[in-house]
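All residue numbers for the sequence shown refer to my numbering, where the first residue is 991 and numbers rise by one.
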Amino acid sequence: MLKKKFEEIDATADLGIIAYGEDLKNLFSNAAEGLMSLMADTKGIAESESTAINITAKDREGLLIKWLNEIIYIKDTRGFLGKRFDINYLNDNSLKADIHGEIYDPEKHELLSGVKAATYHNLKIEKVRETLQVRIIFDV
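This is the structure:
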């Protein structure tokens, strides 16, 4: 069992997290939770709606960046805030997931940082002891 899912890190003029996972699905889910925690106070988000995501990429690092940027895009274009991120299928080149959450309501939700994009800066998925981890820097 993981001690923590993610942690915020200092990144000059940007924001960052280190996400952890017992496997690749868990790592992608925890990275999404970490991203959402930078963008909004997640305590007030209900799981009343869901949206399906299907993504392909050349490799798993590219897949992770596209996944996180899709979450940012959905928040920015539809106002959808994710609470739970279920990875239904994942290999090195494709991902199918369901995001559970709700549409932003200024009376109910507090937005935090204006994250613009996940970046490839020093991005590397690696195994440390028995845990996968990845450091992700976000443009704000």
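Ideal placement from N, C-alpha and C gives every residue a C-beta, glycine not left out. Just so you know, these numbers come straight off a predicted model, no measurement behind them.
Of the listed residues the options, nearest to residue i (C-alpha basis)
i     : options                      : result
M991  : G1091, I1127 and L1122       : L1122
E1078 : F1070, G1069 and I1089       : According to the sequence as given, residue 1078 is Asn; it is not Glu. Considering only alpha carbons, the answer is I1089.
I1115 : K994, L1005, E998 and E1012  : E1012
D1076 : D1049, I1061 and L1028       : I1061
G1052 : F996, P1096, F1018 and K1106 : F1018
I1093 : K993, I1126, L1080 and K1065 : K1065
Range of the contiguous beta strand (DSSP E) that encloses residue i
i     : result
E1039 : E1039 to T1046
Y1010 : D1004 to G1011
T1121 : T1121 to D1129
I1093 : S1084 to I1093
Backbone secondary structure at residue i - three-state DSSP
i     : result
D1066 : helix
I1055 : helix
E997  : strand
R1050 : helix
I1077 : strand
G1072 : strand
E1140 : No answer is possible for residue 1140: the residues shown for the chain start at 991 and end at 1130.
K1106 : coil
K1114 : coil
Inter-residue spacing [alpha-carbon to alpha-carbon] between residue i and residue j
i     : j     : result
L1014 : V1118 : 13 Å
H1099 : A1042 : 22 Å
G1104 : E1120 : 33 Å
A1030 : F1070 : 11 Å
R1068 : N1059 : 14 Å
L1113 : A1036 : 31 Å
E1097 : G1034 : 11 Å
Y1063 : A1087 : 15 Å
D1082 : V1124 : 15 Å
Endpoints, alpha helix (DSSP H) assigned at residue i
i     : result
A1021 : L1014 to M1029
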